[in-house]
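Worksheet: one structure, shown below.
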């Protein structure tokens with residue numbers, strides 16, 4: 009890009025040679041001197057511009073890498089899956105073994121009223137049951153006879169089993185499954201946030217490119233006007249041009265200087281906006297160096313083929329973060345519906361524990377006769393007669409499922425439409441870019457033709473300046489179309505949900 013600009017400046021020198029050609033023989037010496045002065049000035053401009061090759065060029069890929077590595081929003085997004093993993097760990101904690109112990113003693117006037125000691129280890133199982141093992145020792149004159157144990161205490165081991173509600177699914181299993189789905193939703197949220205950040209960054213980057221190219225074009229226009237003003241002043245001094253032409257040249261120079269100053273300010277401001285995305289690893293904001301300039305790859309203007317669009321549509325339907333989030337939410341609601349349906353069953357819990365007077369567990373002695381004569385058995389039943397809370401919860405979950413499914417269908421349609429409309433816009437912009445290049449070629453012919461007419465005394469400096477500014481404006485419009493194309497290209501991949509993979 010810098011080399012092309014250098015070539016443009018060199019071509020500018022040769023075009024001005026023709027402009028400054030004398031048309032009168034007696035002016036040869038003086039015109040050669042003014043021509044030399046103009047060429048020296050342009051050479052200085054070219055040399056100063058040629059230094060741009062040593063400037064720091066910031067590519068879009070490097071810009072993306074810097075953002076994804078250090079931007080606070082990107083780092084926040086990276087925390088979402090880690091947070092979801094901790095939610096999953098918390099849900100798995102419902103299946104952790106638990107140990108508990110209770111001791112209570114009362115003594116009054118040298119009499120032991122009671123001494124109760126109960127220690128328990130419980131192991132939750134996946135299918136809703138709980139394994140239990142413990143030791144209890146209850147003594148004293150006021151101990152409930154049914155709770156009284158031998159002096160050495162009793163050890164027990166058994167199982168608590170739900171036979172109705174809680175057999176196929178319960179709250180702890182539902183929480184674990186939903187936490188597992190939450191990790192998928194968190195990953196989708198991460199991609200979504202990074203995609204949004206990169207889309208905003210891409211727009212600001214291409215605005216920076218446009219501001220830079222506008223500044224360069226107006227710099228060229230100002231250089232042309234400045235050299236032309238010197239040339240016209242020299243020629244008017246010797247009567248080769250009318251004095252009014254110097255006023256025209258001066259007016260044009262002032263107008264172009266204003267455009268140059270405004271474009272430079274816009275370039276500086278756009279550079280600051282791009283700097284907003286740059287951070288160090290220790291979260292210190294940094295700014296682009298004053299000599300930093302953007303780059304533009306003409307290969308980015310290649311039209312995306314139709315089969316790539318179809319591939320993006322397939323990828324979007326499979327892995328778009330919005331769809332993945334809705335799918336995870338839908339599956340979580342399905343678990344809620346199963347849990348709500350399970351509440352229609354009665355609570356029927358069976359608990360069985362076999363007992364021993366010591367801590368040993370000689371399994372060879374645990375025969376049928378022992379288990380039938382040394383045990384504690386419990387059975388509980390509970391069932392609400394109206395089931396209003398249960399029916400309300402189940403119906404509400406059904407409504408949420410329908411709502412989420414409709415949102416999923418609508419989002420799929422919106423994504424497909426966004427991809428297709430953006431692709432159509434890219435095709436239109438590609439066609440406009442080609443048309444604009446043709447217009448520039450025609451504008452160059454008009455500019456050169458008007459300059460030739462002026463040299464032959466058939467035109468005015470005003471028309472030359474008008475043709476020249478029209479050419480510059482046409483080139484500026486071309487850059488506007490190019491940057492608009494690259495923005496639409498970023499929007500296309502963002503619509504597909506994989507801008508972060510570029």
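Numbering (our numbering), first residue to last: 9 to 510.
For glycine and all other residues, C-beta sits at the position ideal for the given N, C-alpha and C.
Measuring C-alpha to C-alpha distances from residue 313 to each of 114, 288 and 431 identifies 431 as the nearest.
In this structure, residue 116 and residue 127 do not form a Cβ contact; the two beta carbons are roughly 25 Å apart against a cut-off of 8 Å.
Beta-bridge pairing by DSSP links residue 361 to 166 and 384. Around the beta-carbon of residue 106, fewer than 16 other beta-carbon atoms lie within 10 Å, marking it exposed.
Ranked by Cα distance from residue 235, the first of 219, 254, 222 and 250 is 254.
Taking the Cβ atoms as the reference, residue 136 lies roughly 5 Å from residue 178, within the contact range of under 8 Å. For residue 124, no alpha helix (DSSP H) segment is defined; the enclosing uninterrupted segment is the beta strand (DSSP E) at 119-132. For residue 116, DSSP records a beta bridge to 119. Around the beta-carbon of residue 380, fewer than 16 other beta-carbon atoms lie within 10 Å, marking it exposed.
Residue pairing from DSSP places residue 111 in a beta bridge opposite 125.
Of the candidates 120, 182 and 162, 182 places its Cα closest to the Cα of residue 99.
Distance between residue 424 and residue 329, taken at the CA atoms: about 14 Å. The beta carbons of residue 405 and residue 308 sit no closer together than 8 Å. Secondary structure note for residue 143: it is in no alpha helix (DSSP H), and the uninterrupted beta strand (DSSP E) holding it is 138-147. Ranked by Cα distance from residue 65, the options 192, 160, 292 and 305 are led by 305.
Within the same chain, 177 come within 6 Å of residue 346 by CB-CB distance, once the 5 residues on both sides are set aside.
Residue 197 places its beta carbon 8 Å or farther from that of residue 331. The alpha-carbon of residue 447 is positioned some 18 Å away from that of residue 491. Considering only 392, 169 and 489, the residue with the shortest C-alpha distance to residue 433 is 489. Going by beta carbons, residue 437 and residue 240 fall outside the 8 Å limit. Beta-bridge pairing by DSSP links residue 390 to 355.
If you compare the alpha carbons of 396, 362 and 394 with that of residue 386, the shortest gap goes to 362.
Per the coordinates, the alpha-carbon of residue 247 lies some 59 Å from the alpha-carbon of residue 72. Taking C-alpha positions only, residue 414 is separated from residue 92 by approximately 26 Å.
DSSP places residue 216 within a helical segment (H, G or I) once states are collapsed to three.
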